[in-house]
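Data first, discussion second: the structure below is written as structure tokens.
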Amino acid sequence: MSPLDIDANPPRHSPSSSIKENVRPQLSFLSTLAHVSQSPQAPPAVKQALNLAVSYFTSIGDFLPVSPPNGPTQKHISLSSSGPMPLTGLPLSCADGEILTRHNIQLNRQTTLETVYYYPRNTLVEYPETSINGRIGHVFSLDPLNWISPVLNFAYSLGGSHGMSQRDRTVKTTLLVDDLGEPVPCRETHTTCQGCKICPYNDQATITRPHCQATRDDLHRNLTHTQRLLQSPTDLSQQLLMKTLSLWSSFCRIGCSAPPYETTSYLGMERDQVERWNAQREKARRGHEAKSTCQGRLLFEYNYRGIPYVRCEHYNRDEGEVSLLEKEVFAEDEGPVLACSMVSNSSSVRVCCPSEHRNSAGDLVMAEMERLPCESRILCHGHHPHPIPQPLKTPPLIRLQIFKLLESLGQDLADLTPRRFLRHTSVCAYLRNTLPHILHPSLSDLHVSLSNREHLQVYIEAARLKAFPEGTGWEGLLHLKQRQDQELSPEEVYIRYAAELPLLGSIIHEEDDTNRASDPIRIIICMGKDSSKRLLDAQFLQSDIGFKRIVGFQEFELGGRDHGSRTALPYCRVYLNRQTAAAHHFIFKKIEEIVTQDTGKSLQWRHLHAMTMYEYVGILHWAADQHGGQAKGLGLHLKELAQQMPSKYDLHEPGRLLSSLSEYDHLHRLFRLCHAHVSRNIKTTRVSEDVKNKMRSLVCMEHPDFDSVLREIEQEGGKPGAGMYHFFPARYDPLISWLVDWVQDKRRSKFALEGMCWAKSFIPKLVWQMGDSTSNVIEGLHSDVNTEGIACSLVGGIHRGHHFDNLKLKTLNVFEMTGIRPSYQSGHISESTLRGLKRKGNSRHKVLVGQDSLISNHNKRLLLAKEALDKATKRVLAAQAQAANNIGSAKHNEAVVKRLGARVKAETKYQEAVGASAEAIGSGTGKRHIQNRESEDMIMTMRALK
Numbered sequence: 001m002s003p004l005d006i007d008a009n010p011p012r013h014s015p016s017s018s019i020k021e022n023v024r025p026q027l028s029f030l031s032t033l034a035h036v037s038q039s040p041q042a043p044p045a046v047k048q049a050l051n052l053a054v055s056y057f058t059s060i061g062d063f064l065p066v067s068p069p070n071g072p073t074q075k076h077i078s079l080s081s082s083g084p085m086p087l088t089g090l091p092l093s094c095a096d097g098e099i100l101t102r103h104n105i106q107l108n109r110q111t112t113l114e115t116v117y118y119y120p121r122n123t124l125v126e127y128p129e130t131s132i133n134g135r136i137g138h139v140f141s142l143d144p145l146n147w148i149s150p151v152l153n154f155a156y157s158l159g160g161s162h163g164m165s166q167r168d169r170t171v172k173t174t175l176l177v178d179d180l181g182e183p184v185p186c187r188e189t190h191t192t193c194q195g196c197k198i199c200p201y202n203d204q205a206t207i208t209r210p211h212c213q214a215t216r217d218d219l220h221r222n223l224t225h226t227q228r229l230l231q232s233p234t235d236l237s238q239q240l241l242m243k244t245l246s247l248w249s250s251f252c253r254i255g256c257s258a259p260p261y262e263t264t265s266y267l268g269m270e271r272d273q274v275e276r277w278n279a280q281r282e283k284a285r286r287g288h289e290a291k292s293t294c295q296g297r298l299l300f301e302y303n304y305r306g307i308p309y310v311r312c313e314h315y316n317r318d319e320g321e322v323s324l325l326e327k328e329v330f331a332e333d334e335g336p337v338l339a340c341s342m343v344s345n346s347s348s349v350r351v352c353c354p355s356e357h358r359n360s361a362g363d364l365v366m367a368e369m370e371r372l373p374c375e376s377r378i379l380c381h382g383h384h385p386h387p388i389p390q391p392l393k394t395p396p397l398i399r400l401q402i403f404k405l406l407e408s409l410g411q412d413l414a415d416l417t418p419r420r421f422l423r424h425t426s427v428c429a430y431l432r433n434t435l436p437h438i439l440h441p442s443l444s445d446l447h448v449s450l451s452n453r454e455h456l457q458v459y460i461e462a463a464r465l466k467a468f469p470e471g472t473g474w475e476g477l478l479h480l481k482q483r484q485d486q487e488l489s490p491e492e493v494y495i496r497y498a499a500e501l502p503l504l505g506s507i508i509h510e511e512d513d514t515n516r517a518s519d520p521i522r523i524i525i526c527m528g529k530d531s532s533k534r535l536l537d538a539q540f541l542q543s544d545i546g547f548k549r550i551v552g553f554q555e556f557e558l559g560g561r562d563h564g565s566r567t568a569l570p571y572c573r574v575y576l577n578r579q580t581a582a583a584h585h586f587i588f589k590k591i592e593e594i595v596t597q598d599t600g601k602s603l604q605w606r607h608l609h610a611m612t613m614y615e616y617v618g619i620l621h622w623a624a625d626q627h628g629g630q631a632k633g634l635g636l637h638l639k640e641l642a643q644q645m646p647s648k649y650d651l652h653e654p655g656r657l658l659s660s661l662s663e664y665d666h667l668h669r670l671f672r673l674c675h676a677h678v679s680r681n682i683k684t685t686r687v688s689e690d691v692k693n694k695m696r697s698l699v700c701m702e703h704p705d706f707d708s709v710l711r712e713i714e715q716e717g718g719k720p721g722a723g724m725y726h727f728f729p730a731r732y733d734p735l736i737s738w739l740v741d742w743v744q745d746k747r748r749s750k751f752a753l754e755g756m757c758w759a760k761s762f763i764p765k766l767v768w769q770m771g772d773s774t775s776n777v778i779e780g781l782h783s784d785v786n787t788e789g790i791a792c793s794l795v796g797g798i799h800r801g802h803h804f805d806n807l808k809l810k811t812l813n814v815f816e817m818t819g820i821r822p823s824y825q826s827g828h829i830s831e832s833t834l835r836g837l838k839r840k841g842n843s844r845h846k847v848l849v850g851q852d853s854l855i856s857n858h859n860k861r862l863l864l865a866k867e868a869l870d871k872a873t874k875r876v877l878a879a880q881a882q883a884a885n886n887i888g889s890a891k892h893n894e895a896v897v898k899r900l901g902a903r904v905k906a907e908t909k910y911q912e913a914v915g916a917s918a919e920a921i922g923s924g925t926g927k928r929h930i931q932n933r934e935s936e937d938m939i940m941t942m943r944a945l946k
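Quick note, in full-length UniProt numbering, the sequence shown goes up one by one and the last residue is 946.
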């Protein structure tokens, strides 16, 4: 036989092979080695073979070792099958990353484990198996250099320690042994699963069903039913009821958010109920100090126009009481003739000295750099007859590391600058690992040549050219799309359409801006296949245009809120260089084609595809701002769809065919104008507050006299309100001529007024009530994606948008699979309602505090004006008295005239102060008032006029 190479790997045979041989002689010999005085040493191959033998005999359960008798003369081990097996010998290793299993293992005198699992290194166990009556063991192999307890990986909440070994006392178990088979000292700790928190109104029988094993698939199956219930189509009236209940519960939680100006008294049962409610709120805060707010009762009332509102009981505008309260309170050694010290390397491309110099004639010249020859050789023989050059050349090894760093930046490389590169987290992490002895390392610490940012810019440009050979503009975008189409699967493609459309730019509508009419329109549509599926199921959509992210392009974003998770989700991003109605018409048509290509189904629209008024299918509601091109493009798309359908009568106007509806008729059936945009535009309009309130009243469900209020705004608002110049010589302000009139702007759009008032539109009432009154969801998505970077190149901006959309989809997928949300909020509608109420309350309080500050300024101005008037009056009286004592004195008469003129000026300023203070009528918190009698009289007069 050839000699055995014990350093070679042993032949691998299956332990479950059907060939069986007698191994008693080998076992008898091995038993004698266990009692020698020196520990037997063997190569790793022998050790692995012995481990395999131990694993085999312990796993089949037919042979159990018996403790040897006392004395060192025992030569063999008897194997029997009685009782549980105490684990002895060498530790069990897991070959090839497999999880090994052993059964019926005695841990100690009192505990026997039904099953023991042996896990290889880096095994992540989130749900360890347990047993109802028995015990399950889990043995993990840990990395000595990264000693982290695997218990920290468990998904269960652990706690409730019920005892542990003393810090200076260790325990030993036959389950954990060293390389010699000896038990190792351990510390013993007991913890228990702390369970979960559930709502007491949950299904107790289902939610408390026990389990001993769990996997991610099991968790997904448990959550599927809940997700199906959350995403199931429910009646809109039920959703409206839930929305109303959430508003009510939010009011109960937040109460009045104003500061505690007045005290509130509760008696009897009401006091007990308030105390119980406050105790629950105190417990929910978990020790966090509550903000001190007003404790007044909230009252539900109607104003004189029948519009409901909620107010605090301490909010009072009583005229007499207000009048009483008002009465109670009131930053040489340089120049071209000096010697220059400029030195640059021979390899430098610099031709002239950057400093100014004068020649022998005294003229300013650009001094050309001169080359100093050098005969020094690389063997370092000879001297250097020139100044010491600067170390401007980066060593090749360091330059290689810089290029590796640049290549690792991925999407950030497209818009990288030297400053951004210097502060990039990857660069900072690399420097900290490479130069740990420097507190705040920078690239100049790696090599001084890297402190030259233009030097870095050369490296960045070289890396960028390699990554984006066609650049990061339009040609680079086309190259990127070509690579995606060739290298990625259809499910991974993100850029779905990119083209330049010269003919589309020639189509001009009245809503379009003609400043760039000669520019060809470029359109890029980006969305994934998963987004198409989610858009197909969406019912409430929002859209908006952003201008900040990509230089030279606007970003049209279409999104909404996922019904099950209450998460804002972008469905599609479109980049275009011009906003026209024809461009938006083309965009909506292309989105429909992409959705049909991805899902096999086309988008549904309620007013086109529903059979009855009460069938809520497809897209029900669209919220956006008043951009005419965007809205008209949507209407043109719907008009084209209706004309392609078989003949069908309209649900809202039964005498009209759908094909006869104009683009604006289609908008009246689903488009809603964003309330926040309307309010913001009203706020900046230069009209009186009374006219602004009338403008705001038009944003409603129903209005008692919509057309009359429009006429009043035209009559009272001047040019900003009505679109006409009213020439009043004393009051005309030419600055208002640039303002677009409000009423005519709304009428000219042909959809704005219908998007402001439900009664003017054909949107079902339930849909209007369930839809968002603002486009805050899409505005929030735009704000979020702007945090990825603004003023980007085209390729860089699309990369960042792809990263953001992918993150949103993955977060939503994780929630649907595991129930894990992106935040600790539950996602219930009441939480967003509560946040909205708090935000509105805080915002309103800031406004009121600002008005209080304005009232204080008015009071100071009034006080100074009144003091100046009193002084001027006293001076007039004194001058008149002196003139009376010196009758006929021209000097004293001139003094009287001068004092009278000064008093007229003081009185004019005082009256101006009084008039300005009157503008503060009904403003502020009610705790500060105008401190002047004449102002009070003027205020009361203006109140009567109102």
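For glycine and all other residues, C-beta sits at the position ideal for the given N, C-alpha and C.
Asked, Found
"Which term fits S506, buried or exposed, when burial requires 16 or more other beta carbons within 10 angstroms of its beta carbon?", "exposed"
"Taking the alpha-carbon of R419 as reference, which of Q295, R453, T596 has the nearest alpha-carbon?", "R453"
"Hey, quick one: how far does the beta strand (DSSP E) through F300 stretch, first residue to last?", "298 to 302"
"CB-CB under 6 Å to L435, same chain, minus the five flanking residues each way: which ones, in chain order?", "P441, D445"
"Closest by CA to Y127, which one among R109, I105, L107, G195?", "G195"
"Do the CB positions of I798 and L477 come within less than 8 Å of each other?", "yes"
"A883 and V896 - do their beta-carbons sit closer together than 8 Å?", "yes"
"So, for S131: in the same chain, excluding its five sequence neighbours on each side, which residues have a beta-carbon less than 7 Å away from its beta-carbon?", "E114, C212"
"If you draw a straight line from the C-alpha of I523 to the C-alpha of F762, how long is it?", "32 Å"
"If we count Cβ pairs, one from each stretch, closer than 8 Å, do we get three or more for the segment 488 to 500 versus the segment 550 to 566?", "no"
"Does DSSP put G195 in a helix, a strand or coil?", "coil"
"According to DSSP, simplified to helix, strand and coil, what is S442?", "coil"
"Can you tell me where the alpha helix (DSSP H) with S506 in it begins and where it stops?", "Where S506 is concerned, there is no enclosing alpha helix (DSSP H), given that its DSSP letter is neither H nor E."
"Taking the DSSP output, what are the residues bridged to Y117?", "T101, H138"
"Should K692 go down as buried or exposed, given a rule of 16 or more other Cβ atoms within 10 Å for buried?", "buried"
"Jot down the residue ranges of each uninterrupted alpha helix (DSSP H) in the segment 593 to 629, minimum 4 residues, whole runs only, in chain order.", "606 to 609"
"Cβ of L781 within 8 Å of Cβ of T567?", "no"
"Whole angstroms are fine: how far does the CA of D741 sit from the CA of E716?", "12 Å"
"For the 8 Å Cβ check, are there 3 or more pairs between the segment 767 to 787 and the segment 681 to 696?", "no"
"Rounded to whole angstroms, how far is the Cβ of Y616 from the Cβ of V767, which I believe are closer than 8 Å?", "7 Å"
"In or out: M527 buried (at least 16 other Cβ within 10 Å) or exposed?", "buried"
"Residues in its own chain within less than 7 Å of Q769 by CB, not counting five upstream and five downstream?", "L240"
"Can you check DSSP and say which residues form a bridge with G560?", "L541, L569"
"Just confirm the distance between the C-beta atoms of M701 and A759, as a whole number of angstroms; I'd bet it's less than 8 Å.", "7 Å"
"In this structure, how does DSSP classify V493 when only helix, strand and coil are distinguished?", "coil"
"How big is the Cα-Cα spacing for V139 and T215?", "19 Å"
"Are at least three pairs of beta-carbons, each pair with one atom in the segment 851 to 864 and one in the segment 257 to 272, less than 8 Å apart?", "no"
"Which same chain residues, not among the five before or five after P308, have their C-beta less than 6 Å away from its C-beta?", "Y302"
"Check each candidate in F29, S250, T189, L142 and name the one with the smallest Cα separation from L158.", "T189"
"Kindly indicate which three-state DSSP category V171 falls into: helix, strand or coil?", "strand"
"If you draw a straight line from the alpha carbon of R271 to that of N278, how long is it in whole angstroms?", "10 Å"
"Can you name the start and end residues of the beta strand (DSSP E) that L673 belongs to?", "671 to 673"
"Alpha carbon to alpha carbon, how far is R311 from R861? Give it in angstroms, no decimals.", "33 Å"
"For the alpha helix (DSSP H) that Y430 lies in, which residues bound it at each end?", "425 to 434"
"Between A155 and the rest of its own chain, which residues show a CB-CB distance below 7 Å, the 5 nearest in sequence each way excluded?", "E126, Y127"
"Residue ranges of each alpha helix (DSSP H) run of no fewer than 4 residues wholly in the segment 740 to 797, ordered along the chain?", "742 to 749, 752 to 756, 765 to 770, 776 to 786"
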